[in-house]
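Undergrad: Residue numbering for the sequence shown follows the working numbering, starting at 502 and increasing by one per position. We put the beta carbon where it would ideally sit given N, CA and C, even for glycine. Predicted, not measured: the structure shown is a model, and the values here were computed from it.
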Amino acid sequence: MHDPLDILRQLVPIDSRNTLPLGAPGERASDEMAMCAWLVDFLEGLGLGTRVTYAAPRRPNLVAFPKHPEPSWPTLAFQAHMDTVGTDGMTHDPFAVEVIGGKLYGRGACDTKGGMAAMLAALADLLAEKVQVNLMFVATCAEETGCQGAPFLDLSPWRIDGMIVGEPTSNRLVAAHKTSVYLELVCAGKAAHGSRPEAGINAIYRTAELIGFLQRVIIPELAAHQSPGFAGSTLSAGMIQGGVKPNIVPDRCSLVLDLRLVPNAPPVAELIGDLARRAGAALGFPVEPGWTQITAGLGTPLDAPLVQTVQRALRQQGRDDAPGTVAYCTDAGVFAAKGIPCVVLGPGDILQAHGAVEYIDIEELRAAHGIYQQTAREWASRRG
Ligand SMILES: [Zn+2]
């Protein structure tokens with residue numbers, strides 16, 4: 502039996518901070534190279550094949566796979582991201598492993614080196630017990646800046662029947678999360694001297710009307726979206742920018758929205774186009790969509806074999822098997838969009854992630870190890 506705590510003690514000191522979005526200019530604090538190298542060593546030591554590809558220079562994605570997969574066995578992939586958020590403002594040493602009162606402290610202990618350690622320990626044990634499952638491990642980069650690494654990973658060489666994403670869910674089964682959409686809307690106007698406002702068209706005033714329309718019409722519509730486990734979709738105006746000088750009537754104003762859409766919401770492209778068109782029609786001036794950043798949601802059906810298998814494993818371990826939802830986005834959305842059945846399940850509370858103090862409860866870490874192992878055993882008995 503491998504202890505995930507021993508593995509986590511080795512993972513936490515590896516600096517894999519991701520403090521800049523993929524492709525953004527500027528000096529990076531760190532990257533995922535050292536973490537990837539450690540994982541390649543560990544996974545090859547278990548007898549798995551590995552393949553490393555890059556989302557950008559020094560931004561690796563890693564796949565570990567059986568060298569001789571058995572075609573009649575089902576395949577199960579464990580997945581975790583290699584990056585962590587930065588360490589600014591942390592009140593304990595982010596890379597020193599401190600174990601106090603049944604908790605291990607360190608950056609990434611919860612998000613998501615804890616889940617990763619539990620998965621690696623489970624993999625090692627399952628391979629040793631020769632469970633009849635083709636076991637894979639998938640590690641991504643750039644998750645913390647909006648699941649940016651996973652889209653670059655080509656998993657088409659493998660038939661993956663199910664994937665467990667190890668984000669912190671307090672070891673609860675999560676089969677659904679929202680889609681996140683950052684959307685810029687732009688209102689144009691006509692510049693004029695500020696002493697003669699009647700000669701211009703004020704783009705800031707137009708944007709104020711747009712905000713009113715969103716609050717009156719769109720936000721209530723989004724709130725009415727129905728999906729089991731969610732209280733509707735939401736919209737928040739997050740940034741506004743317009744004008745260059747006090748004495749010039751602004752000819753452009755940009756508004757950036759943060760939309761969180763439930764799994765049953767209309768398709769994103771349709772929704773964005775519709776929103777701009779309807780706002781323009783209602784307000785009598787053009788509203789143009791600008792840039793967008795979309796992070797895919799997750800909506801795995803509750804009767805999917807993977808969901809039911811994880812539920813059996815949870816029951817077998819004496820745990821609550823009720824499928825839940827989370828408010829944040831994960832790589833599971835990206836892989837589900839590629840056609841892989843995905844669920845999210847991992848040790849730790851998301852409230853412990855990204856904070857000034859980050860820790861994982863060691864009991865929970867070890868429980869995740871047991872749940873992952875049991876899931877693979879139940880998956881083996883599934884066949885075909
Ligand atoms: Zn995470």
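When burial is assigned at 16 or more other CB atoms within 10 Å of the CB, is Asp832 buried or exposed?
TA: The count along the sequence shown starts at 1 and reaches residue 832 at position 331. Counting Cβ neighbours within 10 Å, Asp832 comes out buried, since at least 16 surround it.
Undergrad: Nearest to Cys537 by CA position, among Glu789, Thr588, Arg707 and Ala581, is which residue?
TA: Taking the first residue of the sequence shown as 1, we reach residue 537 at position 36. Ranking Glu789, Thr588, Arg707 and Ala581 by Cα distance to Cys537 puts Ala581 first.
Undergrad: Once you ignore the five residues that flank Val541 on each side, which residues in its own chain have a CB closer than 6 Å to its CB?
TA: What you label residue 541 is simply residue 40 of the sequence shown in a count that begins at 1. These residues qualify, in order along the chain: Thr551.
Undergrad: Does the beta carbon of Glu571 fall short of 7 Å from some heavy atom of ligand 1?
TA: Position 70 of the sequence shown, counting from 1, holds the residue named residue 571. No, the beta carbon of Glu571 sits no closer than 7 Å to any heavy atom of ligand 1.
Undergrad: Provide the residue span of the alpha helix (DSSP H) that contains His870, from first to last.
TA: The sequence position of residue 870 within the sequence shown is 369, counting from 1. First-last of the alpha helix (DSSP H) with His870: Ile863 to Ala881.
Undergrad: In the DSSP assignment, what residue or residues form a beta bridge with Gly800?
TA: The sequence position of residue 800 within the sequence shown is 299, counting from 1. BP columns for Gly800 point to Ala677.
Undergrad: Taking all protein chains shown into account, do 16 or more other C-beta atoms lie within 10 angstroms of the C-beta of Gly885, making it buried, or fewer, making it exposed?
TA: The residue given as residue 885 occupies position 384 in the sequence shown. With a pLDDT of 45 at Gly885, under the threshold of 50, the predicted position of this residue should be treated as unreliable, though the coordinate-derived value follows. Gly885 comes out exposed.
Undergrad: Alpha helix (DSSP H) containing Gly546: first to last residue?
TA: Position 45 of the sequence shown holds residue 546. Start and end: Met534 to Gly546.
Undergrad: Answer with buried or exposed for Gln875, where buried requires no fewer than 16 other C-beta atoms within 10 angstroms of its C-beta.
TA: Along the sequence shown, one-based indexing puts residue 875 at 374. Gln875 comes out buried.
Undergrad: Let me know if Val808 comes out buried or exposed under the rule of 16 or more other beta-carbons within 10 Å of its beta-carbon.
TA: The sequence position of residue 808 within the sequence shown is 307, counting from 1. The residue in question, Val808, is buried, as its Cβ has 16 or more Cβ neighbours within 10 Å.
Undergrad: Could you tell me which of Ala704, Ala651 and Ala738 sits nearest to Pro787, measuring between CA atoms?
TA: The residue you call residue 787 lines up with position 286 of the sequence shown. That would be Ala704, whose Cα lies nearest to the Cα of Pro787.
Undergrad: When the Cα of Asp822 is compared with those of Thr670, Ala525 and Arg660, which residue comes out closest?
TA: Along the sequence shown, one-based indexing puts residue 822 at 321. For the residues Thr670, Ala525 and Arg660, the minimum Cα distance to Asp822 belongs to Thr670.
Undergrad: Just to confirm, is the Cβ distance from Ala610 to Ile861 under 8 Å?
TA: Mapped onto the sequence shown, residue 610 falls at position 109. Mapped onto the sequence shown, residue 861 falls at position 360. Yes. Within cutoff.
Undergrad: From what residue to what residue does the alpha helix (DSSP H) around Glu722 run?
TA: Taking the first residue of the sequence shown as 1, we reach residue 722 at position 221. Here the alpha helix (DSSP H) through Glu722 covers Ile720 to Ala724.
Undergrad: When the Cα atoms are used, what is the spatial distance from Val513 to Arg707?
TA: Reading the sequence shown from its first residue, position 12 is the one you call residue 513. Reading the sequence shown from its first residue, position 206 is the one you call residue 707. So the alpha carbons of these two residues sit roughly 50 Å apart.
Undergrad: Smallest Cα separation from Thr796: which of Gly524, Pro764 and Gly590?
TA: Position 295 of the sequence shown, counted from the start, is the residue given in the question as residue 796. Nearest of Gly524, Pro764 and Gly590 to Thr796, Cα basis: Pro764.
Undergrad: With DSSP run on the structure shown, which of helix, strand or coil describes Thr646?
TA: Working through the sequence shown from its first residue, we reach residue 646 at position 145. Looking at Thr646 - three-state DSSP - the assignment turns out to be coil, as it is neither helix nor strand.
Undergrad: Taking all protein chains shown into account, do 16 or more other C-beta atoms lie within 10 angstroms of the C-beta of Gln853, making it buried, or fewer, making it exposed?
TA: As a first step, residue 853 must be located in the sequence shown, where it is residue number 352. By the neighbour-count rule (16 or more Cβ atoms within 10 Å), Gln853 is buried.
Undergrad: Could you please give the first and the last residue of the uninterrupted beta strand (DSSP E) stretch that includes Glu771?
TA: Here residue 771 refers to the residue found at position 270 when the sequence shown is read from its first residue. First-last for Glu771: Val769 to Leu784, but that is the alpha helix (DSSP H), not the beta strand (DSSP E).
Undergrad: Kindly give me the distance between the Cβ atoms of Leu815 and Cys843, rounded to whole angstroms, as I take these residues to be in contact under 8 Å.
TA: If you number the sequence shown from 1, residue 815 lands on position 314. If you number the sequence shown from 1, residue 843 lands on position 342. Leu815 to Cys843, Cβ: 17 Å. No contact.
Undergrad: Could you pull out every residue in the same chain whose Cβ sits closer than 6 Å to the Cβ of Gln649, ignoring the five residues on either side in sequence?
TA: The residue given as residue 649 occupies position 148 in the sequence shown. These residues qualify, in order along the chain: Leu523 and Ala643.
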